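Enquirer: If you scroll down you'll find the structure; I have some questions about it.
Put into structure tokens, the structure is as follows:
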């Protein structure tokens, strides 16, 4: 009995002494956990975890900075960026299928169109002539300044050859010869051009001659030229002519297309260049990749080919049809005329000053 009592007493005393230690131990452990979680000095994650956390913090800071520095509208940033790359005073880039404008800069600013106005000359010639007619050349037509094909006064030429000379080689003498054949005089033909422009929706275009040579009061806009060309390319015969790199006349002479975009820009289907001192470099053309069709018009450019390529790539990128990296154009050949200095590019597009061999 006494022995049992002593055993029970010993067990009670042992339990009593053990309880404070256990409580203290738990308390100490709890305090230690709190310290570890709160103290950056004692929190040492493994290197991988630390690296991940570091990247996360950095990325959050970058995103916050981006949201403050960039315009809310990403297309606005793109527009600002492309504008800085262009030298053209007026620009109109449109989706030819929908008529939607993709990019514009002063699209309705009146300016001298130079030889881009010959789009109307060629379109009217296709409308009023079969191409088989003989066109007699007046002295006035033969005396037109370059660009020209040196038609001889009093001699008759095939209308088909003259139309190609206008649209591909931008020949001023051929333009006047066709105008006189169709309307009796260039002045009367200019009225037909104005009427056609109105029908095509080019309400800010005024034609004074068939050539685009500088004339007081003769103006167009980038928007008008784009609309004219988009609708002109719906004419199958017109489009087929514009797509030719070169053609041979019935007398064996070769007419070369001034539109170098045909072999420099992927998807080019046709276009018309222009240049005078007053107008500077001008251009209107159509491009197609997949189901996307673009028309671009520029006026008052100093680096026309660069501007055209920039606008075309921008337009197709906006439509999800960027340049195919495997294409020959994408290879960016070092001999490309786009890489030439501005003054040399001007020589290549100065189609109002070029000489072409006689028909």
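In the working numbering, the protein residues as written are 24 to 382.
For every residue, glycine included, the Cβ atom is placed at its ideal position computed from N, Cα and C.
Computed from a predicted model, the values in this text were never measured in an experiment.
1) Where does residue 104 land, buried or exposed, given buried means 16+ other C-beta within 10 angstroms?
2) If contact is defined by three or more beta carbon pairs under 8 Å, each pair taking one atom from either stretch, is the stretch 187 to 194 in contact with the stretch 207 to 220?
3) Are the stretch 194 to 206 and the stretch 107 to 115 touching by the rule of at least three beta carbon pairs closer than 8 Å?
4) For residue 253 versus residue 318, is the C-beta distance shorter than 7 Å?
5) Tell me the residue span of the beta strand (DSSP E) that contains residue 5.
6) Measure the C-alpha to C-alpha separation of residue 167 and residue 196 and round it to an integer number of angstroms.
7) Mind reading off the beta-carbon distance from residue 313 to residue 331? Whole number of angstroms is fine, and I expect it under 8 Å.
8) Three or more C-beta pairs under 8 Å: does that hold for the stretch 124 to 132 against the stretch 287 to 303?
9) Residue 181 by DSSP, collapsed to three states: which one?
10) Would you check if there are 3 or more beta carbon pairs closer than 8 Å linking the stretch 155 to 169 to the stretch 265 to 276?
11) Nearest to residue 322 by alpha carbon, out of 341, 295, 245 and 340?
12) Quick check on the DSSP output: the beta strand (DSSP E) that includes residue 406 runs from which residue to which?
13) Measuring straight from C-alpha to C-alpha, what distance separates residue 143 and residue 134?
14) Between residue 268 and residue 258, is the Cβ-Cβ spacing less than 7 Å?
15) Does the separation of the CB atoms of residue 298 and residue 137 fall below 7 Å?
16) Span of the alpha helix (DSSP H) holding residue 255?
17) In chain order, what residues of the same chain have a beta carbon less than 6 Å from the beta carbon of residue 151, not counting five sequence neighbours either side?
18) Taking the beta strand (DSSP E) that residue 297 falls in, what are its first and last residues?
19) Whole angstroms are fine: how far does the CA of residue 336 sit from the CA of residue 326?
20) Between the Cα of residue 300 and the Cα atoms of 256, 324 and 343, which residue gives the shortest distance?
21) Quick one: is residue 153 buried, meaning 16 or more other Cβ sit within 10 Å of its Cβ, or exposed?
22) Could you tell me which of 192, 295, 182 and 158 sits nearest to residue 176, measuring between CA atoms?
23) Less than 7 Å separating the beta-carbons of residue 231 and residue 224?
24) Which residues share a DSSP beta bridge with residue 315?
25) If you reduce the DSSP assignment to three classes, tell me which class residue 306 lands in.
26) Comparing alpha-carbon positions, which option in 295, 342, 112 and 174 lies nearest residue 140?
27) According to DSSP, is residue 226 helix, strand or coil?
28) The alpha helix (DSSP H) spanning residue 331 covers which residue range?
29) Is residue 200 helix, strand or coil by DSSP?
30) I'd like the list of long-range same chain contacts for residue 183, defined as Cβ closer than 6 Å, with 5 residues on each side in sequence excluded.
31) Where do the N-terminal and C-terminal ends of the alpha helix (DSSP H) with residue 265 fall, by residue?
32) Where do the N-terminal and C-terminal ends of the alpha helix (DSSP H) with residue 151 fall, by residue?
33) Opposite residue 167 in the DSSP bridges: which residues?
34) Does the beta-carbon distance from residue 320 to residue 115 come in below 7 Å?
35) Specify the secondary structure class of residue 189 as computed by DSSP and reduced to three states.
36) Can you give the beta carbon distance from residue 262 to residue 293, rounded, assuming they're within the 8 Å contact cut?
Expert: A quick look at the data gives this:
1) As a first step, residue 104 is located in the chain shown; it is residue number 81 there, counting from the start. It counts as exposed.
2) The stretch 207 to 220 vs the stretch 187 to 194: no contact.
3) no
4) Within the chain shown, residue 253 is the residue found at index 230, counting from 1. Within the chain shown, residue 318 is the residue found at index 295, counting from 1. Yes, the Cβ-Cβ distance between residue 253 and residue 318 is below 7 Å.
5) Outside the displayed span of the chain (24 to 382) sits residue 5, for which this structure offers no information.
6) In the chain shown, counting from the first residue as 1, residue 167 sits at position 144. In the chain shown, counting from the first residue as 1, residue 196 sits at position 173. Whole-angstrom Cα-Cα distance: 5 Å.
7) Taking the chain shown and counting its residues from 1, one reaches residue 313 at position 290. Taking the chain shown and counting its residues from 1, one reaches residue 331 at position 308. Wrong, their Cβ atoms sit about 20 Å apart, outside the cutoff.
8) no
9) The residue you call residue 181 lines up with position 158 of the chain shown. In the structure shown, the three-state DSSP call for residue 181 is strand.
10) no
11) Looking up residue 322 in the chain shown gives position 299. Selected option, being the one with the closest Cα: 245.
12) Residue 406 is absent from the model: the chain starts at 24 and stops at 382.
13) Locating residue 143 in the chain shown gives position 120, where the first residue counts as 1. Locating residue 134 in the chain shown gives position 111, where the first residue counts as 1. Cα to Cα, residue 143 sits roughly 16 Å from residue 134.
14) For the purposes of this step, residue 268 is taken as the residue at position 245 of the chain shown. For the purposes of this step, residue 258 is taken as the residue at position 235 of the chain shown. 7 Å or more divides the Cβ of residue 268 from the Cβ of residue 258.
15) In the chain shown, residue 298 corresponds to position 275, counting from 1. In the chain shown, residue 137 corresponds to position 114, counting from 1. Judged by beta-carbon spacing, residue 137 lies within the 7 Å limit of residue 298, meaning their Cβ atoms are closer than that value.
16) Along the chain shown, read from residue 1 onward, the residue named residue 255 stands at position 232. Going by DSSP, residue 255 is part of the alpha helix (DSSP H) stretching over 245 to 255.
17) Reading the chain shown from its first residue, position 128 is the one you call residue 151. If we look at residue 151 and ignore the five residues flanking it on each side, its Cβ neighbours are 205.
18) Here residue 297 is taken as the residue at index 274 of the chain shown, counted from 1. Looking at the DSSP string, the run of the beta strand (DSSP E) that includes residue 297 is 291 to 299.
19) For the purposes of this step, residue 326 is taken as residue 303 along the chain shown, with counting starting at 1. For the purposes of this step, residue 336 is taken as residue 313 along the chain shown, with counting starting at 1. In a straight line, the C-alpha of residue 326 is about 16 Å away from that of residue 336.
20) The sequence position of residue 300 within the chain shown is 277, counting from 1. The option with the nearest alpha carbon to residue 300 is 324.
21) Sequence index remark: in the chain shown, residue 153 carries index 130 (1-based). So residue 153 counts as exposed.
22) Position 153 of the chain shown holds residue 176. Checking every option, the nearest Cα to that of residue 176 belongs to 158.
23) Here residue 231 corresponds to residue number 208 of the chain shown, with the count starting at 1. Here residue 224 corresponds to residue number 201 of the chain shown, with the count starting at 1. Cβ distance not < 7 Å, so residue 231 and residue 224 don't count as in contact.
24) In the chain shown, the residue the question calls residue 315 occupies position 292. Partner(s): 312.
25) By 1-based counting over the chain shown, the position of residue 306 is 283. Looking at residue 306 - three-state DSSP - the assignment turns out to be strand.
26) What you label residue 140 is simply residue 117 of the chain shown in a count that begins at 1. Selected option, being the one with the closest Cα: 295.
27) Sequence index remark: in the chain shown, residue 226 carries index 203 (1-based). Reduced to three states, the DSSP call for residue 226 is coil.
28) Residue numbering aside, residue 331 sits at position 308 when the chain shown is read from its first letter. Residues 327 to 341.
29) Counted from its first residue, the chain shown places residue 200 at position 177. Looking at residue 200 - three-state DSSP - the assignment turns out to be helix.
30) Along the chain shown, read from residue 1 onward, the residue named residue 183 stands at position 160. Closer than 6 Å at the Cβ level, and outside the excluded window around residue 183, lie 154.
31) Your numbering for residue 265 matches position 242 in the chain shown. Counting along the chain, the alpha helix (DSSP H) containing residue 265 begins and ends at 259 to 265.
32) As a first step, residue 151 must be located in the chain shown, where it is residue number 128. Counting along the chain, the alpha helix (DSSP H) containing residue 151 begins and ends at 141 to 151.
33) Reading the chain shown from its first residue, position 144 is the one you call residue 167. Note: residue 167 sits in no beta bridge, so no partner.
34) Indexing the chain shown from 1 puts residue 320 at position 297. Indexing the chain shown from 1 puts residue 115 at position 92. Contact flag set, yes.
35) As a working mapping, residue 189 is identified with position 166 in the chain shown. Residue 189: helix per DSSP, three-state reduction.
36) Mapped onto the chain shown, residue 262 falls at position 239. Mapped onto the chain shown, residue 293 falls at position 270. Residue 262 to residue 293, Cβ: 6 Å. Contact.
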